[in-house]
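Remarks on the structure that follows.
2 protein chains.
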Amino acid sequence: MAGTDAALPSLELVARSCLCRRVQHASRAIGKRFDDAFRPVGLNNWQFTLLMAVTAEAGPTVNQIAAELGMDRTTATKNLRILERRGLIEMRVDAQDRRIRRSALTAEGQQVLQAALLRWRQVNDAVGGSLRPEQLASLNAALETIAQA
Amino acid sequence: MAGTDAALPSLELVARSCLCRRVQHASRAIGKRFDDAFRPVGLNNWQFTLLMAVTAEAGPTVNQIAAELGMDRTTATKNLRILERRGLIEMRVDAQDRRIRRSALTAEGQQVLQAALLRWRQVNDAVGGSLRPEQLASLNAALETIAQA
DNA sequence: GACTATTGGGTGGATATACACCTAATAGAG
DNA sequence: CTCTATTAGGTGTATATCCACCCAATAGTC
Numbered sequence: 180m181a182g183t184d185a186a187l188p189s190l191e192l193v194a195r196s197c198l199c200r201r202v203q204h205a206s207r208a209i210g211k212r213f214d215d216a217f218r219p220v221g222l223n224n225w226q227f228t229l230l231m232a233v234t235a236e237a238g239p240t241v242n243q244i245a246a247e248l249g250m251d252r253t254t255a256t257k258n259l260r261i262l263e264r265r266g267l268i269e270m271r272v273d274a275q276d277r278r279i280r281r282s283a284l285t286a287e288g289q290q291v292l293q294a295a296l297l298r299w300r301q302v303n304d305a306v307g308g309s310l311r312p313e314q315l316a317s318l319n320a321a322l323e324t325i326a327q328a
Numbered sequence: 180m181a182g183t184d185a186a187l188p189s190l191e192l193v194a195r196s197c198l199c200r201r202v203q204h205a206s207r208a209i210g211k212r213f214d215d216a217f218r219p220v221g222l223n224n225w226q227f228t229l230l231m232a233v234t235a236e237a238g239p240t241v242n243q244i245a246a247e248l249g250m251d252r253t254t255a256t257k258n259l260r261i262l263e264r265r266g267l268i269e270m271r272v273d274a275q276d277r278r279i280r281r282s283a284l285t286a287e288g289q290q291v292l293q294a295a296l297l298r299w300r301q302v303n304d305a306v307g308g309s310l311r312p313e314q315l316a317s318l319n320a321a322l323e324t325i326a327q328a
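Chains A and B are the protein sequences, given in the same order. Reading the first sequence from the start, the letters are residues 180 to 328 in the numbering used here. Reading the second sequence from the start, the letters are residues 180 to 328 in the numbering used here.
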């Protein structure tokens, strides 16, 4: 309408084109789907991701895990502690540099992760399958671009 | 490697192709960008989205807002209460059906939202501009598909 | 070796999110 | 009109997330 600042975008435009809202909405939805899939093995989606990150390298540090997942370091600290309390991972001080704490899966953690992998593939295939192959590839590239900002 | 269960996906494959992890990573990154943009006006990204949802319809209910944003109803309740405490919105019981609570922006809420709109456009354009136009369109479609699951 | 800067990490607080469970108001069946 | 089902919503709990601030260990300088 006239009378409002012409420099301001209309509310309809914002609601339609807000990337933040779209990504957050999708994030909640996909997180819930993976939570449901992992519930029988007692994990949620980020715990699965964290277990994966712990196994990805040899004894990754808190900082390495946080950087890899793009989360705040203190968030990684607190989430790792929960997995540690449940006995799925171990954190131990590095021998050379005593500031550093390195993570590793316990035997139980490996078992839980193995049990989760089949469920992961099912739900990941299901979600990916709802997109056309070229759309999935484009989505991955776009998400990576956004994540690196 | 041979020796592991052939039915299990390799850890490398999982790390590379996990849609949940990618979406969550992008969600954290973009949320942080919008948080930074809105910080000068005292909002964060979801508060902005919530204010937008409150103005989108005439006096939307808690359920309507939660459905529109794909968030849990109880999450909407608690987030709305924070905006209410700050005096940015008002919740009032519907005259016809006293179970229903309808939301509306206060004058201060409108001012804050107006101040945020310019910042929104800057950061939304910046993020969208890092993608090619057809990639952005494809991203929007893919995110909507995922959100509707 | 002492002083300072850098780095790895933790704590406390505010808010974000969802689940299990609950209350209150309305709607519908008889 | 009463009883029950449905619907709108809230509370408590556990965990997720980030920020401001802190501590301890190492590295670098002299």
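Positions of the beta carbon are idealized from the N, C-alpha and C atoms, including for glycine.
List, from N- to C-terminal side, the alpha helix (DSSP H) runs of 4 residues or more that fit wholly inside the segment 226-296 of chain B. 241-248, 252-264
Judging by CA-CA distance, which residue of B:A320, B:D273, B:A286, B:A216 is the nearest neighbour of B:L267? B:A286
Tell me the rounded alpha-carbon separation between B:N224 and A:W225. 21 Å
Taking only beta-carbon atoms, is B:I325 less than 8 Å away from chain A? yes
With a threshold of 8 Å on Cβ separation, who are the neighbours of A:A294 within its own chain once the five nearest residues in sequence on each side are excluded? V220
Best match in A:S309, A:R265, A:A216 for proximity to B:Q327 [C-alpha to C-alpha]: A:S309
Between the segment 193-210 of chain A and chain B, which residues of the former have a C-beta closer than 8 Å to a C-beta of the latter? V193, A194, S196, C197, L198, C199, R200, R201, V202, Q203, H204, A205, S206, R207, A208, I209, G210
Starting from B:P312, follow the alpha helix (DSSP H) in both directions and report where the run begins and ends. 312-327
So the candidates are B:K257, B:L284, B:I279, B:A194; which of them puts its Cα closest to the Cα of B:E269? B:L284
Does the segment 195-204 of chain A come into contact with the segment 296-307 of chain B, if we say contact requires no fewer than three beta-carbon pairs (one atom in each stretch) closer than 8 Å? yes
Tell me which same chain residues have a C-beta within less than 8 Å of the C-beta of B:W299, skipping the five on either side of it? F213, A216, F217, F227
Helix or strand or just coil, what does DSSP make of B:L222? coil
Once DSSP output is grouped into helix, strand and coil, what is the label at B:C199? helix
For the ligand PLP, is there any heavy atom lying closer than 7 Å to the beta carbon of A:E287? Summarising the ligand content, the structure contains no ligands, and the ligand PLP is consequently not present.
By the three-class DSSP mapping on this structure, what secondary structure does B:M180 have? Residue placement at B:M180 cannot be trusted, given a pLDDT of 47 that sits under 50; the coordinates are not used to answer.
Rounded to whole angstroms, what is the Cα-Cα separation between B:E236 and B:N242? 13 Å
Cβ closer than 8 Å: which chain A residues qualify as neighbours of B:P188? L296, W299, R300
DSSP state of A:S309, grouped into three classes? coil
Alpha carbon to alpha carbon, how far is A:L297 from B:R277? 48 Å
Looking at C-alpha atoms only, which residue of A:M231, A:A316, A:V272 is the closest neighbour of A:R281? A:V272
Rounding to the nearest angstrom, what Cα-Cα distance links A:A274 and A:M250 in this structure? 26 Å
How many whole angstroms separate the CB atoms of B:S206 and A:S317, which I take to be in contact at a CB cut-off of 8 Å? Actually they are not in contact, since the Cβ atoms of B:S206 and A:S317 sit about 18 Å apart, beyond 8 Å.
Residues of the segment 279-294 of chain B with Cβ closer than 8 Å to any Cβ of chain A, in chain order: Q293
So, for A:L315: in the same chain, excluding its five sequence neighbours on each side, which residues have a beta-carbon less than 7 Å away from its beta-carbon? G307
Kindly say whether B:G249, judged by its beta-carbon, lies nearer than 8 Å to any beta-carbon of chain A. yes
B:Q290 versus B:L248: straight-line alpha-carbon distance, rounded: 23 Å
By Cβ distance below 8 Å, which residues in the same chain neighbour A:P239 in space, the five residues on each side in sequence not counted? A232, V233, E247, R281, S282
Just the Cα atoms here: how many angstroms apart are B:M180 and A:V302? Residue placement at B:M180 is flagged as unreliable, the pLDDT there being 47, under the threshold of 50; a coordinate-derived value is accordingly withheld.
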